[in-house]
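Protein chains in written order, with UniProt numbering: chain A, 1 to 981; chain B, 1 to 981.
Worksheet: one structure, shown below.
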């Protein structure tokens, strides 16, 4: 038999103190009463706080009360008394069955009235009236102000639970008040049989305080020693005190006074043990239950004590055991110098404080909730917009037969709030700069963006053209649509672009905000955290990231599902402000946007449901990236209802912004002479610095290698236009793109090999088609030498050639490096400049021009037998080979193919026509570089041979490596001699 | 005149309570005494705690005391009494000048003795003896146990500061004890003139508690009202109480008893106001100073109260003003029902607790510090190893003329601790699996790794061969050296590989640990956080990351410099345990390694100095990646000293491990028939699942697209060998590499386009030369259709061709997809398999073989005019074009070039020889793919034309896009017809 039920046999009922509406609605309370021997309930502001603030069980009633225009405190009382009344009704059959001996529900007066007799009287009467149930107990603390109120209320016929009892003295006063009240009733000719009262004695709190006081008295090791030893009393005083109190209770039962009352049918005032959870983990978890079992007692247990007791509680009548020992404990306590009066007084003070704190917290939380509800009624039009966006998204994707409707549904409120309330933007002007920007990092939610633009009358393209050939409403956002600044769809990239846009706004003195909507799944991408770091380091306070935590990824649950604090902690650890909200609560969303204006960057972590609004999609796995069939669409539309959204977006811009007139760059003045030794990376850096002077829109980013790429020259001269991106190349590229799409000439530099880190970003930059975006990869090829293969850019030409609309340049000396850098700033789209670590001699005069798509014939004669096509470092090897071969009477043509893409096909084809073979030499893997390009472009019968890296390189001196891997002057010469047989 | 100095005029001296050694050493205390009117000092365990735990002012003395083998408590007393004695000496001239009227220093007995009369007596006597200064006051609390001790000690001639006074009643007892002690001295014929005592009355704490109690009594708005109003008393009680106490003091002065004592030269027991900092910010900041100024008083002020008072304190004699009001306040307090006895009792309890807590914290912190120091003495041999590694690193890099010595110097202790103490490893067996693993993520610190291996006798290659051609001691770690599992040097990659190694250990039941050393700079790489997330999600508790926070990056300070909590918070937010340590404190390092064993993954955040150990390098910017010249080297070596390191690394393995015998995979049974429609991605997935059955070493990773790549079939069948990597492709690739280098056949899959995200990891995987590492990129090309360009893999062939030692496969139907997947598992190195989204018909019979480097001639005849070379989806377009052309009487040869790298050059060359032109058709950018490869490989006079993607693609139907971008059957046919004119 369950120990809890066995308690009843010994005259003890157990109560709980964690009443909530959920417990009532779910049938849990009734089940406990019917099956588990539960005999009573007390309310608890801490539990109510949790329940009201964190569940939605009360929301419907709150809604109604708000509609009735009730104040917050009235709402509080209505919520609580509803629960109490319902609980009373559940316990009523028991109460009736036990003839009013048990089956009570307690409700406390405000703890702020603990020292206010009159106030307590008034509130107790009012609550008694509101609840209007015979098995209600009003809870009043046993303070000196409480006792007269208790007597008066009992006299008036109101049942009282006297709480916060610690000392026997105070208990005696309480018992007397009860007897007195009953006597007065009899005197006044009133019945007494139905009057009930319990005296609540608190237990574990006594031990907590007394144990601490005892610890002050425990002698230091080896020092003097007190008798009795304080440690012997730890954890014993509360029980001892309660046992002695019970003896007093028994004395009262034997008093003449009580006997007389009992004869008139009065019920005894039972003892209730409260605060019975064990707080010190070193103690037994049922220590406040087992020793206090006996007739006419109640034990109010918290949930885990109930579980523990049900599991291993030992039941026998114990409350009258060891009375002498109890007396001894109290005596020894005094001997040690601990005055129990003081203890009781401190506990009473603390007890009241512990009631006030959750009570006030509850009122505050309720106030917030009420305010949110009141706000929500004001945001109804936006809610209708959100529903309309949902409807449109479902129609669009069903018509397209594909797409990601559920990923759109989760962010409908967020998108509605942004486009129809929060953002300053101009639906007539997609290219306006002085407006807020929206970046849809979770690009697969494109349909809701198109829907929002359509509803705001910013586009007039038929939404049902979604995903159809030649529609700009593509599957993921692309700049084919004029509203799209950067292509998204490869996740985790939006925030980096947003960084760039926020930087551009700052540079152009535009006080606009940038909103970036991310999915929770994409937060697994490290690039998000690179971007987060950059934003906080650069204090991009106008940047707002919104994470749509819809908990479901493509192939199953997202790693952290709805655990929004994970995201909040991460953003915080990267220096962001964070706000966690319900992402379907428009009032909360608007409030978060307001908060985000105070400081930033701010991440709003929005808990949402994927597929929100449609019952068979909401929170359901397996729906990612699937359109509904027409029948399901109809069902979904029916669920979403037919309210007409009617929010007009008025054009709102931020100040005025006049874009600067771009002047063509004059020719750079270059001071090199033929034969000067200078690394192309150095010349690139010098050119950037010079260009900075007359290209105010030139901005430069580097990934902690500015002293290697030589962007440091620019950084020193134009610190405001240089952005140190640290070792985070993905964000560097994304930020550079963001700057570029705002009209900056953006240049990002790193080691060529480390640009591979950002290939996906470079790829997406290609799809974003920025006006000007330059990359420079330094330290190309094996010629870097001792650092070894990890630092060698050997795939950069392959990588950059295969980028949408790219230009690939590879200078070989200082003059061409400077001129090509200048050219790059005037070239549309993505331009890659490949530079070299070692110094190379200047071979061009400063008046040389280097058009994109051109090449330079460095050596030629009518006798040219072979052509050596090359670029960069190996130009110098080819020139040296030329001399060697010349000595052997072999004339070669040398072409510096500095424009790798576009290639100078004409010159190359002519050479193919005029010479016997083309040898392409490059410091790059043999695949995908200049050799491939030349071989494919020169469609002629002349053979093309490629000298490039074909085996894993290693550390060594630069010249040793060129030799070892077959691209040195010697290797070239040898190859040609071999070819000639 | 400074208000502080003016106080003296009115008989009040001010004391401070924040004595520290720093204050003594720096001359601050003396300056205050000499110039600022300071009259006394009390000690404070909270301040001592801060000073001893967080400064190094005490470290030298601690070192000495440890050497003398003193216990922690002895060390504590020695430290504190040293400060107290020194402070006494500083105040002594003042004490002498004032004839013992002021100039005192207080020292408290242990707060654990607050209720122990005998203990207090003994300790007070001992401290008095140790300090041995006449201007010392021993501080004893005014508890009931304290008062007899106070009297006795005063009688013995020991000066006493009576502390923790709250009530007038207790003050009276204290005053009586003083008088009694003096009388007893006189009776005993002892002098009294030099006996000093102060009675310390606490102020602001009273208001804190009373204000709270008053707040319990403030009526609710609109409810009943108490008279007097509790709010009117808030913030007033402490001052009122003190003023009344002062009146009692004055009464004593007028008593006969005192007059008699004064006549014998006794000094009065002055009143000291303590706890005078204002705690409620709503109150005036000098409220506990201004109203209590008067003769024979002291005010002990905290630092900010001193500043506030110096700034705006108003000085006049006030202590006897408003006495009536003070009385009224105390009376009203009683009226309101607040019993001041209880208040005083609670404050006394709390006050003792507030003394005990910092006192215990101080002893604990001191204990930790002492333990660290004791440990440090034990780790001396390791310290010598660290120094030896430093010496070697400097010699190696200077000899090489390049390298990163300063980045090595910062982690010398960490590396020494790992290789010479912590790790279980076997210097004889670089390939052992059942040992701990070390991954040097900050690969540029390679020299210290080589140095450690050399010192441990694990390599016999001359350390001075560093960076020289053919040495395995390369500039960054590469697997040319047998100890290197994965090449590092591209930062932020080590942790992902460590994840893979930890997973492999788990799979193979090897209980070894994986240590990964990172730099602080590389923590800017998002990939570190991808790896951190993966590690915690997969509960890799044997993984330990050590971050060498040396604060300096390549081009300047690292973003967070020495702000180690930033790193700790980040790792915590990614689910890691963290430990912050001084990275040069070997005892702390070893301790952290021990702690890390409890749970994990654990990140040890080590604060270090770049260039540690060499004065001109340590913490100096501008030294990254620079070797010393020979002269500087000599200087550095001289600084590093010449101790001989002598720690032998004994082989230590973990259990036994027998590698499984790998069996060759039997041929897969494939159930497709010609014409069946199946996507190659699906066939790939099915093949993986079948292979899983007889390849126990096959492991599969996916990036949240397993339902698209179809690795889900494998994941369902072999959940233990499938690792969901979420949307974090860099970590997926790095983890796959880690698994691969442990002997797994590792396969990582995602959309082809998203593998670009991990190009740097793929590049480094190439340089790491794993036995078997397979990548599958699905959704290649424009044929994916409506999702648009962001989802189209158009550069993957270019990317994977340009990877060291890679194989690139591109099947066109179910049979070839399955066979090539099986082939991939048997192929050395990195294999890329490209798959397609749409279904394609099966064209091969199941007995067809697909050797690597082969191709299939699908159509041929003697009349072949042209050759169509293609692979994947466009094979089917070519076959359809074949039919169309055939109808027009044009015979073509169709080659399925499924092995893109290596190419079947022979077959292609033959075709070039036998037909008039080659048309290469591919669903890829025109650059870097099959077209380039074929054009470059087929070195013949036959022209090669490329049909591939040349313009930015968009959303649309698959077949529409093939058509639009010129690679459909129709486009092919047309191209050939055009060619023919």
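Backbone N, C-alpha and C fix where the C-beta goes; we use that ideal spot for every residue, glycine too.
Starting from the C-beta of residue i, find all residues in its chain whose C-beta is less than 7 Å away, skip the five residues before and the five after it, and write them out in chain order.
i: residue 1018 of chain A; result: Any property of residue 1018 of chain A remains undetermined from this structure, which presents chain A solely from 1 to 981.
i: residue 769 of chain B; result: 479, 805 and 829
i: residue 764 of chain B; result: 487, 490 and 493
i: residue 253 of chain B; result: 268
With a threshold of 8 Å between beta carbons, is residue i in contact with chain A?
i: residue 525 of chain B; result: yes
i: residue 114 of chain B; result: yes
i: residue 488 of chain B; result: yes
i: residue 213 of chain B; result: yes
i: residue 330 of chain B; result: no
i: residue 799 of chain B; result: yes
Looking at residue i: is its Cβ nearer than 8 Å to the Cβ of residue j?
i: residue 497 of chain A; j: residue 738 of chain A; result: yes
i: residue 871 of chain A; j: residue 928 of chain B; result: no
i: residue 463 of chain B; j: residue 392 of chain B; result: yes
i: residue 91 of chain B; j: residue 37 of chain B; result: no
i: residue 453 of chain A; j: residue 617 of chain A; result: no
i: residue 458 of chain B; j: residue 483 of chain B; result: yes
Measuring only between beta-carbons, confirm whether residue i sits less than 8 Å from chain B.
i: residue 706 of chain A; result: yes
i: residue 764 of chain A; result: yes
i: residue 396 of chain A; result: no
i: residue 382 of chain A; result: no
i: residue 555 of chain A; result: yes
Using C-beta distances below 6 Å, list every residue in its chain close to residue i, excluding the 5 sequence neighbours before and after it, in chain order.
i: residue 292 of chain A; result: 242, 273 and 319
i: residue 723 of chain A; result: 701
Taking 8 Å as the limit between beta carbons, can you name the residues of its chain near residue i, skipping five residues before and five after?
i: residue 511 of chain A; result: 505, 542, 654 and 655
* Could I get the ranges of all uninterrupted alpha helix (DSSP H) runs contained in the stretch 244 to 310 of chain A, with 4 residues as the minimum, in chain order? => For the stretch 244 to 310 of chain A, whole alpha helix (DSSP H) runs of length 4 or above, ordered along the chain, are 256 to 263.
* Meets three-Cβ-pair contact criterion under 8 Å: the stretch 343 to 357 of chain A and the stretch 415 to 432 of chain A -> Between the stretch 343 to 357 of chain A and the stretch 415 to 432 of chain A there are fewer than three inter-stretch CB-CB distances shorter than 8 Å, so the stretches are not counted as touching.
* **Unbroken stretches of the alpha helix (DSSP H), 4 residues or longer, contained in the stretch 445 to 502 of chain A** => Runs of the alpha helix (DSSP H) spanning 4 or more residues and lying entirely within the stretch 445 to 502 of chain A occur at 446 to 455, in chain order.
* Starting from the N-terminal side, write out each stretch of the beta strand (DSSP E) that is 3 residues or longer and does not extend beyond the stretch 666 to 728 of chain A. => Note on the stretch 666 to 728 of chain A: whole beta strand (DSSP E) runs with a minimum of 3 residues are 698 to 702 and 722 to 724, in chain order.
* Asked: Is there contact here, the stretch 959 to 976 of chain A with the stretch 773 to 787 of chain A, by at least three beta-carbon pairs under 8 Å?
  -> With contact defined as three or more Cβ pairs closer than 8 Å, the stretch 959 to 976 of chain A and the stretch 773 to 787 of chain A are in contact.
* To do: Determine, using beta-carbon pairs with one atom in the stretch 261 to 273 of chain A and one in the stretch 288 to 302 of chain A, whether at least three such pairs fall under 8 Å.
  => The stretch 261 to 273 of chain A and the stretch 288 to 302 of chain A touch, with no fewer than 3 CB-CB distances between them shorter than 8 Å.
* **Segments assigned beta strand (DSSP E), at least 3 residues, entirely inside the stretch 716 to 795 of chain B** => DSSP runs (the beta strand (DSSP E)) wholly in the stretch 716 to 795 of chain B: 722 to 724, 745 to 751 and 772 to 778.
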